[in-house]
Amino acid sequence: MINEEKENSAGNIENGSSKLNQDNKKFQETINVKSVVPKYRQELLKWNGWGYKDCRFEVNAGDVTSISLTGNRYPIAGKNLPHFEGWVKNTFNVDLVNPTLSQALPEEDKYPKTLLIAEELVRIVRLNIPYSLRGVDRMLRAHGQTLHDIFTLRNGMFERIPDIVLWPTCHEEVEKIVELANELNIAILVFGGGTAVSGAVECPVNERRTIISLDTSQMNKILWVDEANLVACIESGIIGQDLERELKALGYTTGHEPDSYEFSSLGGWVATRASGMKKNIYGNIEDLLVHVKMVTSKGVLEKNCQVPRLSCGPDFNHIVLGSEGSLGVITEVILKIRPLPKCTRYGSIVFPNFESGVQTMRQVAKWRCQPASIRLMDNEQFKFGMILKPDAGLIGSLIDILKKLYLTKIKGFEFDKLCVMTLLFEGDEKQVKEQEKRVYDIAGEFGGFPAGETNGERGYMLTFVIAYLRDIALEYRIVAESFETSVPWDRAISLCANVKQRIAQECRDLSIRHFLISCRVTQTYDAGCVIYFYFAFNHGDVSDPVATHHQIESRARDEIIACGGSISHHHGVGKLRTKWYPQTVSEVGVSLYNATKNELDPKIYLRRII
Amino acid sequence: MNLNDYEDILEPRRFDLSHFFWCSKKLNSVIAYKQNIKPTPSLLKEAVLNDPKIQKFLEEISREKRIPKDFLDAQVRLILDEIGYQKNLKIIRLLGLVLVKICLKVCEGIFVNHNSISHIKSVMGSCPVIFVPSHRSYADFILMSLICFTYDIEIPAIAAGMDFHGMWAMGSILRDTGAFFMRRSYNNDTLYWTTFKQYVYQLVTKGDLPIEFFIEGTRSRSNKSMMPKYGLLNMILKPLFLRQVPDIIFVPINISYEKIMEEKLFSFELLGVPKPKESTSAFFKSLSIIKENYGSIHMTFGKPLCSKQFFGEYLDTSRRSTGPIHEQELTERDKSMIPSLSHEIIYIQQKMTTLYVMNLIALLTNHNLTKDEELLSYDELKEKILWLKMILEKFDANIWSTDIDSDIKKAFEVHKNIIHLTGNRKIDIVKDHVNLANIDITKLKGYHLSEKVMTQSVPFVMLYIYINPILHCIVDAALIVIILKMYANSTSDSIFQRYHFLRNLFLYDFVTYYTRIPLDFQKAVNICTNFKLIQINSDGKYNLCENQQNLVEIFISSIEPFLYSYFTTLQILETYNRCDEKRILVEVQEKIVFEMEHKFIHPYSLNLDSIAHCLSSLVLSASIKRVRGDNGVAYEIDRTKVSMVKNTLEPYILKPHLGKTIHNNVLRNKL
Ligand SMILES: Cc1cc2nc3c(=O)[nH]c(=O)nc-3n(C[C@H](O)[C@H](O)[C@H](O)COP(=O)(O)OP(=O)(O)OC[C@H]3O[C@@H](n4cnc5c(N)ncnc54)[C@H](O)[C@@H]3O)c2cc1C
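Read top to bottom, the protein sequences are chains A and B. Take full-length UniProt numbering: the last position of the first sequence gets the number 610, and nothing is skipped along the way. Take full-length UniProt numbering: the last position of the second sequence gets the number 671, and nothing is skipped along the way.
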């Protein structure tokens, strides 16, 4: 950073880097962002599940069971969901009675004792950085959002949790922590939003050294916004919704919107190579990132300029991107920003079958006329989506359209085969119109028919609600998890079919009778697409449902890779997918990673990927 | 075998007032592989033509040979029309009607293990399903379709040889009931094979019918299993290795016939002589089929074999996923995995063989006739059948028998052209004079056998057609027995060494796979020991037991003709550095015929199958090399290796033959 001037930040310490541009271009000064999520997360968020405490699916057993989402944060909140119960019964053979409730938040003496020794504590306190030794704070930073994590929270306790939580508020404080850790031989786990679904946040069970959880959440300032170059410099702890809210106020957006963006952090995105829903317009995190600072035990890795592109040996940004907290701590990131779009419109298309939907996506990608988002749900997913329709009136809409279409033109449609595509268009009015026309024209060639804006909009609204379903599923003995991959176009359809079939086979072998496997295509690229699978089953009398789920998912990943898919498109390797890392990157790739690790983190105070 | 596992599909038809109702029943057939886009015969063909791979290939030829692309497209269309199956429900129903009528006339029952079928139906729907029946008769085709029709399984797409394609009416009827046609593999027209392979690829990946093919490639003339062929199987499995289908399920099926329609034809073919034309026209001849009694037919459906599971981890780890999918081919490693699957299928088919009392009678009668002994009386026969049945069951044979007396009676009725009771109620074979007057000598495959030799040989060969199905059960024991007979007091290791040699030499006659050989050996040793056929001494050495002389002889007699054929073949080969195949066949037969003049040599030794099998196995062991000669196939012979094989085999060529001359004379006098 070239900024020299310092400025007081909200905390009692000095903020290291800042702005100032002598030119007369508009230059936004540091914004001290007040985050929606408090420092003690559990005050707002569930300690044992997904999202806000006041949002959960609730079953009211009356004369007629009614199910609804509590709170008032999401559009469907408070509305009765009449199709929910029947679908659950049909799919999982589950009656919504006798929920298996979570244990209560453990008492302070129930957490694994801290391994921190007095000498270390003294040194840490001397850093003058806020910290906590409380069990609950430590436990909440010992996990992400995998099935295993949530199941453990509800029913047990992690074997190993961090010994202390530190909340640095700026780059320099991170440097101090890293220096001290190196000196005292203490391990560090970087914690951003804790939404990882790869096992990357979990503590290594056999780490006998002290573990610091470095929570970036208090390091969340927007240091400056450069409107001439359309970039902003942001501290890595900021979470998506805060960032977007603040930028929106200035008339901008990053356009980076992963489904977890309410809670996941900028540092987390960079560290996991995250991908946002609207990447077609704005790009993935690697496209958005212009400059990044990473604190390593050898010092700070960064470039000397903020340029759009650079021909200068291997691009070390790509050592930072996807490093999953194993090479250093990301502290500040310069991201591209865009003016807010003038016009946003939704859309949806029904297809007679999955194949024609995929063919449409392929064509759309071929002509590069993707709207901001284009997604294709398979038949199971389409039916599953309907359980979140508040009342019979609304559910009518899509069915009515289908009926009308059925009578007029599409006799060939079968309810058990049809698929729905949802679309999100952004731009100015004219651009949106043009895009709409092209996409609907292409769809028409493959037998697809527009099914209205509302259905599209609903699809996107539900994106954030779906994550809440797992908690209620667990209450009724259903374990669920999603996993994703990327695949070349010519292997996409067979990959989907084979993975579904493999899972069905594995379930059969394990006598699991009631399960759901469904998929959707969530992103398109020139050379391929992204497939997102949901897999859930009624674990009835399976003795270790989490291990069983993991085993099946692992077989599914074998299948994915054999079918030409990847280890992951955006969730990352973490702990869950290390098994496939060597074959993915080659043996030379593994040594290259190890060499980098040895160079930047010789004492391995950070976790390692492999 | 458990009789209750089987039901006779003809039974309900016997009570139909009119079969018409049954044939026009509402079809609710189970399909193999549900597709989102319902395939039709013409869609499949279109897809083949439009496949990027085919298109690219055509463009290449067009450029290289300066042939207009449209012309090539049209060529491919023609080829596809030759290959492609059709589906005509009316024909299927009509055929069903005719078949049921015929079967009711000529069969006592078509027995099917129906529970297996229900199980198979229950696993169908989510991936390609391949029916793999054994192939002993043309009737196999038709029976499979009849069974599918009866049990509400979609009639399969059936791989058929081009010989059917040419047959009047038959070709189009078969096509309408789902047959697709494949040319013989020695044709190497690349355009044809590229198209055919792509057709199979489409059928597997985008088709929804079960697929049926005969893994042995052709009908087995000898009524025992043959070496599997890999060509079509490779094509079928390619989409699995490329991960274009979730799995492929194979259903091994054994079809056993109490009497084979083609028995006479096969006997002549085995001897290398075209079957003499019957005097009546083909039409009246075909009517005469309807007068015959073919006894029972058993169709045993095996457990579905999931190839994904069979190949296991290999499938998940074998491939790098770069490059367009349509450019991918099976790798050499993939191909090396496939034989084990095909052998597994053959093995299961063998194990599911149903034996009839006739097979036992054939073995016993043959043994009796090749020994210098009185003919068997009815009571002796009956006693021996019961004894033999008990033994064979120890060797896992499935024997269809309800009431012994009526079974024997039926066997004599159904096979009255092969065996009969003489005036004094002794069992003998039927000897008809063979008239070779109007055969076409140019069509002879081997030595020009005389009418006398033919007349003497045909009944024995016919008998062997019914002995052969037993051999897979007892060949291991028979080899162990014959080894111990020559090398008494042997350790298990030395027996195995010799067994291993023989098993490999006879690999094509008694089909097995190298991984099975040690297992089968151990199993046979155990059974033989338990059964007190062989015994182990305190010093760990094995010997034959004294008191099972009769069984020892029967076992040995069952494989003797094979030993003799192979031995003679080796003797002939030893004299050449290089020789045409045709010439080998001629000389081997000639030598055997010559020997037959002097002593009793079993006429089945003349069968050309065994000679050809001997050649194949020598090729496999690199003792000889198959090359293309001026008159077809020829062999380059490594004489040292061949001599070594011959010398190792020689001790088993039993001397007792000398003593048979008298009986042989007896036989000859009877003619
Ligand atoms: C419901 C749900 C929806 C999701 N949807 C998406 C989606 O649409 N697209 C997508 O890409 N992902 C998605 N994810 C996955 C997850 O949200 C992303 O991986 C996200 O980038 C993680 O960010 P986080 O701040 O929560 O990181 P955390 O979970 O806290 O950490 C993830 C990893 O990054 C490391 N890390 C975090 N911050 C830093 C830092 N400052 N410096 C160095 N290392 C750091 C951690 O050590 C850890 O290894 C989803 C997850 C859930 C639960």
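A virtual CB, placed ideally from N, CA and C, is assigned to each residue, including glycine.
With a threshold of 16 other beta carbon atoms within 10 Å, residue 117 of chain A falls short and is exposed. Identification of chain A residues near residue 243 of chain B by a Cβ-Cβ cut-off of 9 Å yields 491, 494, 495, 498, 559, 562, 563 and 564, ordered along the chain. With fewer than 16 other beta carbons inside 10 angstroms of its own, residue 126 of chain A counts as exposed.
In this structure, residue 368 of chain A keeps its C-beta atom at 9 Å or more from the C-beta atom of residue 459 of chain A.
Pairing residue 257 of chain B with residue 295 of chain B, the inter-Cα distance amounts to about 8 Å. DSSP places residue 243 of chain B outside both helix and strand once states are collapsed to three, so it counts as coil. Straight-line spacing of the CA atoms in residue 356 of chain A and residue 496 of chain A works out to 14 Å.
DSSP places residue 494 of chain B inside the alpha helix (DSSP H), whose first and last residues are 492-505. Against chain A, the beta carbon of residue 126 of chain B has neighbours under 8 Å at 501 and 504, listed in chain order. With the rule of 3 Cβ pairs closer than 8 Å, the segment 321-330 of chain B counts as touching the segment 473-493 of chain A. Residue state for residue 326 of chain B is assigned as helix, using DSSP reduced to three classes.
Annotated three-state conformation of residue 530 of chain A is strand, per DSSP. Rounded to the nearest whole angstrom, the C-alpha separation of residue 505 of chain A and residue 554 of chain A is 13 Å.
Neighbours of residue 48 of chain A across chain B, judged by C-beta separation under 8 Å, do not exist; the nearest C-beta is about 36 Å away. Judged by the Cβ position, residue 189 of chain A qualifies as a neighbour of ligand 1 at the 8 Å threshold, a heavy atom of the ligand being closer than this. Distance from the CA of residue 156 of chain A to the CA of residue 103 of chain A, rounded to the nearest whole angstrom, comes to 8 Å. Only 352, 353, 354, 355 and 356 from the segment 344-373 of chain A bring a Cβ to less than 9 Å from some Cβ of chain B.
Rounded to whole angstroms, the gap between the alpha carbons of residue 226 of chain A and residue 235 of chain A is 15 Å.
The segment 34-48 of chain B makes contact with the segment 199-214 of chain B: 3 or more CB pairs, one atom from each, lie closer than 8 Å.
For ligand 1, no non-hydrogen atom lies closer than 8 Å to the CB of residue 465 of chain A.
When 8 Å is used as the limit between beta carbons, residue 417 of chain A is near these residues of chain B: 36, in chain order.
By DSSP's assignment, residue 212 of chain B forms a beta bridge with B:131 and B:158. Looking at A:352, A:440, A:280 and A:454, the one whose alpha-carbon comes closest to that of residue 414 of chain A is A:352. Taken residue by residue, none of the segment 333-348 of chain B has a beta-carbon sitting less than 8 Å from a beta-carbon on chain A. Counted as a single uninterrupted DSSP element, the beta strand (DSSP E) harbouring residue 110 of chain B occupies residues 109-112. For residue 640 of chain B, the closest of B:525, B:623, B:376 and B:629 by C-alpha to C-alpha distance is B:623.
For residue 151 of chain A, the distance from the CB to the nearest heavy atom of ligand 1 is not below 8 Å. Between the beta-carbon of residue 299 of chain B and that of residue 253 of chain B there is about 6 Å, and that keeps the pair under the 8 Å contact cut. If you draw a straight line from the Cα of residue 501 of chain B to the Cα of residue 563 of chain B, it is about 13 Å long. The count of Cβ pairs closer than 8 Å, one atom from the segment 301-313 of chain B and one from the segment 242-251 of chain B, reaches three, so the stretches are in contact. If you check the CB distance, residue 358 of chain B and residue 259 of chain B come in under 9 Å. Apart from the 5 residues on each side of it in sequence, residue 446 of chain B sits with its Cβ closer than 7 Å to the Cβ of 272, 585, 586, 589 and 608 in its chain, given in chain order. Taking CB atoms only, residue 369 of chain B has no neighbour in chain A less than 9 Å away. Taking 9 Å as the CB threshold, residue 583 of chain A lines the interface with chain B.
Setting aside the 5 residues that flank it on each side, residue 591 of chain B is surrounded in the same chain by 568, 571 and 572, each with a C-beta closer than 8 Å to its C-beta; the list follows chain order. With its beta carbon less than 9 Å from one in chain A, residue 308 of chain B belongs to the interface.
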